[in-house]
Amino acid sequence: MRMFVLAAAAVLALTGVAAAQTRLGSEGAYPPYNFIDEAGNLAGFDIDVGNEICERAGLECVWVVNEWDTIIPNLLAGNYDAILAGMSDTEERRKTITFSQTYFPPDPSAYVALAGKTFDFANLSGQRIGAQGATIQAAHLEATYKDTNTLLTYETPDQALADLNAGNIDLILADKSYLQEAVAGSSGTLALTGDEVEIGGGVAAGLRQADTELQAKFDAALTAMKADGALDAMISAYFPEREGGPFFLPE
Amino acid sequence: MLDLLPPWLRDGIGDDVAFWIGYLTNGKHLAWYASLQFTLFAAVFGGLIALLLGLGAAALRNSGPLPLRLLATGYINIVRGVPDVLFFIFFPLAFEQGIEWLVSTQVCTRETLALNAGQWPPCDAANWRLTSPEYLVLACVSLGIVYGAFAANVVSGALRSVPLGQLEAARAYGMSRAQVLWRVHIRQMWVYALPGLSNVWLLLIKATSLLSLLQILDFVSWAQRLGAANFSRSAGLVHPDWRWQYYLVLLLFYILLTWLSEKAFAAISRRVRRGMPLVGQEAM
Amino acid sequence: MSFLETLLAEIEILAVPALYNIYFAAAAIPVGFVFAIFLALGKGSPNWLINRLSRGYIYFFRGSPFFIQLFAFYALMLSFNLSTWKPLGIDWLVLHPLFLGPAILALNTTAYTAEILHGALTTVPRGEVEAARAYGMSWGQRFRRIVWPHLIRIAWPAYTNEVVFLFHATALVYFTLPVIGTQQDLMNKAGQMFQRDYNVFLHYSVAALYFLVISLAIFWVFGLIYARLMRHMPGARPMQFSFKRLFR
Numbered sequence: 001m002r003m004f005v006l007a008a009a010a011v012l013a014l015t016g017v018a019a020a021q022t023r024l025g026s027e028g029a030y031p032p033y034n035f036i037d038e039a040g041n042l043a044g045f046d047i048d049v050g051n052e053i054c055e056r057a058g059l060e061c062v063w064v065v066n067e068w069d070t071i072i073p074n075l076l077a078g079n080y081d082a083i084l085a086g087m088s089d090t091e092e093r094r095k096t097i098t099f100s101q102t103y104f105p106p107d108p109s110a111y112v113a114l115a116g117k118t119f120d121f122a123n124l125s126g127q128r129i130g131a132q133g134a135t136i137q138a139a140h141l142e143a144t145y146k147d148t149n150t151l152l153t154y155e156t157p158d159q160a161l162a163d164l165n166a167g168n169i170d171l172i173l174a175d176k177s178y179l180q181e182a183v184a185g186s187s188g189t190l191a192l193t194g195d196e197v198e199i200g201g202g203v204a205a206g207l208r209q210a211d212t213e214l215q216a217k218f219d220a221a222l223t224a225m226k227a228d229g230a231l232d233a234m235i236s237a238y239f240p241e242r243e244g245g246p247f248f249l250p251e
Numbered sequence: 001m002l003d004l005l006p007p008w009l010r011d012g013i014g015d016d017v018a019f020w021i022g023y024l025t026n027g028k029h030l031a032w033y034a035s036l037q038f039t040l041f042a043a044v045f046g047g048l049i050a051l052l053l054g055l056g057a058a059a060l061r062n063s064g065p066l067p068l069r070l071l072a073t074g075y076i077n078i079v080r081g082v083p084d085v086l087f088f089i090f091f092p093l094a095f096e097q098g099i100e101w102l103v104s105t106q107v108c109t110r111e112t113l114a115l116n117a118g119q120w121p122p123c124d125a126a127n128w129r130l131t132s133p134e135y136l137v138l139a140c141v142s143l144g145i146v147y148g149a150f151a152a153n154v155v156s157g158a159l160r161s162v163p164l165g166q167l168e169a170a171r172a173y174g175m176s177r178a179q180v181l182w183r184v185h186i187r188q189m190w191v192y193a194l195p196g197l198s199n200v201w202l203l204l205i206k207a208t209s210l211l212s213l214l215q216i217l218d219f220v221s222w223a224q225r226l227g228a229a230n231f232s233r234s235a236g237l238v239h240p241d242w243r244w245q246y247y248l249v250l251l252l253f254y255i256l257l258t259w260l261s262e263k264a265f266a267a268i269s270r271r272v273r274r275g276m277p278l279v280g281q282e283a284m
Numbered sequence: 001m002s003f004l005e006t007l008l009a010e011i012e013i014l015a016v017p018a019l020y021n022i023y024f025a026a027a028a029i030p031v032g033f034v035f036a037i038f039l040a041l042g043k044g045s046p047n048w049l050i051n052r053l054s055r056g057y058i059y060f061f062r063g064s065p066f067f068i069q070l071f072a073f074y075a076l077m078l079s080f081n082l083s084t085w086k087p088l089g090i091d092w093l094v095l096h097p098l099f100l101g102p103a104i105l106a107l108n109t110t111a112y113t114a115e116i117l118h119g120a121l122t123t124v125p126r127g128e129v130e131a132a133r134a135y136g137m138s139w140g141q142r143f144r145r146i147v148w149p150h151l152i153r154i155a156w157p158a159y160t161n162e163v164v165f166l167f168h169a170t171a172l173v174y175f176t177l178p179v180i181g182t183q184q185d186l187m188n189k190a191g192q193m194f195q196r197d198y199n200v201f202l203h204y205s206v207a208a209l210y211f212l213v214i215s216l217a218i219f220w221v222f223g224l225i226y227a228r229l230m231r232h233m234p235g236a237r238p239m240q241f242s243f244k245r246l247f248r
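Chains as they are written, first to last, in this note's numbering: chain F, 1 to 251; chain B, 1 to 284; chain L, 1 to 248.
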């Protein structure tokens, strides 16, 4: 038993050498926040923000691609030290993890449907509505439309979009900026519909609650990026359709 | 990729073909092809671990002391009684948490324990940071444990199929128990075990498709990402849902792999049976 | 809460999800069994085309992972939705996980079962069939009275294993198909609870317990049927319980 504990401690010590790096987790399937580009590399808004934070905080960072449905458990398990994946800061998530300052203003959620279809959102019934599982949108649908509509949850957001395009569901509720990208690239087959839904806080980096040191570094770097306009420049570059800037630049 | 071709060949290829060659050799697709290494690594090392565990558990079940015999029997039957995917997800997580718990009993102080307030891991110092290579190793071990139980069942049947006379003759020559086991029993066992082991190997190959569930960017998860509809120009070619085409490639890949394995096992089987005309029945 | 109370609460929570796994298996098995009889006869058929098609089907489904088959068939069915299922008005059924899940399971188990039945078919003694023919029995009579009783007794133990492994394969369904409302199976529910409290031992162990107990129940029921099938054989041994999935 004692030997085993020593061996386990040795393993920890070995991986501890690698822990000098800060590991950042992202999904890589949520453009423009994060996606895999043609060259096969992780790219997107989250990735640029993360790299900038690391540079300013003097951290050596590496990226880890992780599926959305296990992204929080694997942060807790320590497979990476921060989540930058277009994740909204919510009360529900704050029960298990903590967040840095927000690096994207609250992104409203929106509905998308096949172009030309209209819905009566006040008395929505008999519709098939999709969302990615374990998201604030799935929780919102559960609380709002569960009784009179059919709710479907998917492992990834592109599965939901595939089902919408194929007519298997009528509506998807997701982050507006993600849907805008999909609508823009759909050559007119998809359209946003209905009112925006204000749920969730701004997008922030998810961190382990005990990791206060890293949180302080992230917050300091983000404060600096907001002050000199670097963050606003990134938002304008990745979200040209987002109105209402400046976002973080002091007036 | 196309730039590497000589100009006369490049001009000979039509624009359409050139486009598809370019698409299928972009960085994303090259990463997909390269991810084959994880699938093959898991199959080979998972298979080796399964074989070793299978031999060990079978030897214990057939002739170990009673507690070990019960342990081996329990392992063989319980692991085969639950779906491989469940064990595949459960084992790496359970192993990680087990190690973390053991370490936490040594390194955590009252203050660090209080800081994490009953959450997992108990304290930050006991956190074992798993990365993809470690997940791959754990995946191999999981495959090994699951299919080791299947292999053990095959091997223990094969050990019982070896004619008793052979073992008695070896004892009569004055060999020790260990010598009989290693020099006669296990050597002769292979002939009877091969068909069954071939079967286990084919099951294991197909189970490597589950690697993506352990956050390994393997052949399957890259195909999923490539086939998914792409709306974003910055992520490469904008295209609709192409998933079933990519999945078809995966299916054909696995069929090719099982076909090659069957051929290889048939060849090995023929070789092992040289000079043993009496062995006709398959032991399963 | 004491350990026992936690355990009992977990068993209660996972009871309904377990019904989904049982449903998937129960819906797929009879369909697969009937199809497999025809496919096994096809594999034994002297007709070149039928023979090749049957062999090809069996090789395709047994040579590739069920996990990928699920993904491929769901994506394939989806791509026919607007052109075919919608106009026919059956899209609500065809793409429903509670239909499509058992359907893909049935396609898969048909191949495995056909291989087992075909193996048993080759052991039917020629002499018995020829004698029946000499008595003037038709093809249908020969199949029902001579071939089938022999075949099913030979195939039953291996088929029992196939049923257990088909039940295990139901664990993969919701890794692929969308989850409608709270229609979750054991793996999906256990995974969801794991994501909340990170307690891998409790959730997955109880799910494993359900799989183990139901597997044993399948062995027991199929063992009773086997005993009935063999009741005319003096000194017939009861079926041995052993989990194996035959590939060849």
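Ideal Cβ placement from N, Cα and C applies to all residues, glycine included.
Same chain only: Cβ atoms within 6 Å of residue i, ignoring 5 sequence neighbours per side
i, result
"residue 33 of chain F", "44, 45, 46 and 86"
"residue 22 of chain L", "none"
"residue 151 of chain F", "129 and 141"
"residue 185 of chain L", "17, 20, 21 and 174"
"residue 211 of chain L", "none"
"residue 169 of chain B", "none"
Cut-off 7 Å between Cβ atoms - residues of its own chain near residue i, not counting five sequence neighbours on either side
i, result
"residue 142 of chain B", "87, 88, 91 and 92"
"residue 81 of chain L", "91 and 95"
"residue 42 of chain B", "136, 139, 140, 143, 208 and 211"
"residue 247 of chain F", "105, 232 and 235"
"residue 229 of chain L", "152, 153 and 156"
"residue 363 of chain B", "Any property of residue 363 of chain B remains undetermined from this structure, which presents chain B solely from 1 to 284."
"residue 224 of chain F", "56"
"residue 74 of chain L", "100, 176 and 177"
For residue i, the three-state DSSP class (helix, strand or coil)
i, result
"residue 136 of chain B", "helix"
"residue 96 of chain L", "coil"
"residue 54 of chain L", "helix"
"residue 283 of chain B", "Unreliable positioning characterises residue 283 of chain B in this predicted model, as indicated by a pLDDT of 38, which lies under 50. The coordinate reading is nonetheless provided below. Looking at residue 283 of chain B - three-state DSSP - the assignment turns out to be coil, as it is neither helix nor strand."
"residue 263 of chain L", "Residue 263 of chain L is absent from the model: chain L starts at 1 and stops at 248."
"residue 217 of chain B", "coil"
"residue 160 of chain B", "helix"
"residue 98 of chain F", "strand"
"residue 6 of chain F", "Bear in mind that the predicted position of residue 6 of chain F carries a pLDDT of just 49, short of 50, making it too unreliable to give a figure here."
"residue 16 of chain F", "Unreliable placement is indicated for residue 16 of chain F, whose pLDDT of 49 sits below 50; no coordinate value is reported for it."
"residue 42 of chain F", "strand"
"residue 222 of chain L", "helix"
"residue 250 of chain F", "coil"
"residue 6 of chain L", "helix"
"residue 180 of chain L", "strand"
"residue 261 of chain B", "helix"
"residue 79 of chain L", "helix"
C-beta atoms of residue i and residue j nearer than 8 Å
i, j, result
"residue 235 of chain B", "residue 37 of chain F", "yes"
"residue 97 of chain B", "residue 200 of chain L", "yes"
"residue 171 of chain F", "residue 122 of chain F", "no"
"residue 214 of chain F", "residue 82 of chain F", "yes"
"residue 63 of chain L", "residue 268 of chain B", "no"
"residue 82 of chain B", "residue 145 of chain B", "no"
Which residues DSSP lists as bridging residue i, in chain order
i, result
"residue 239 of chain B", "B:230"
"residue 34 of chain F", "F:30"
"residue 340 of chain F", "Look at the range of chain F in this structure, 1 to 251, and you will see that residue 340 of chain F is not part of it."
"residue 23 of chain F", "F:62"
"residue 252 of chain F", "Because residue 252 of chain F is not part of the residues shown, which for chain F are 1 to 251, the question remains open."
"residue 104 of chain F", "F:203"
Neighbourhood of residue i by C-beta, 8 Å cutoff - its chain only, sequence neighbours within 5 removed
i, result
"residue 6 of chain L", "202"
"residue 3 of chain F", "Here residue 3 of chain F scores only 49 on pLDDT, less than 50, and its place in the model is too uncertain to base an answer on."
"residue 123 of chain B", "104, 107, 108, 109, 112, 113, 115 and 116"
Checklist entry - Of all the alpha helix (DSSP H) runs that stay within the bounds of the stretch 125-206 of chain F, which reach a length of 4 or more residues? => result 136-144, 157-165 and 176-184
Item to check | Every unbroken alpha helix (DSSP H) inside the stretch 57-131 of chain B [4 residues or more] | outcome: 66-81, 84-107 and 110-116
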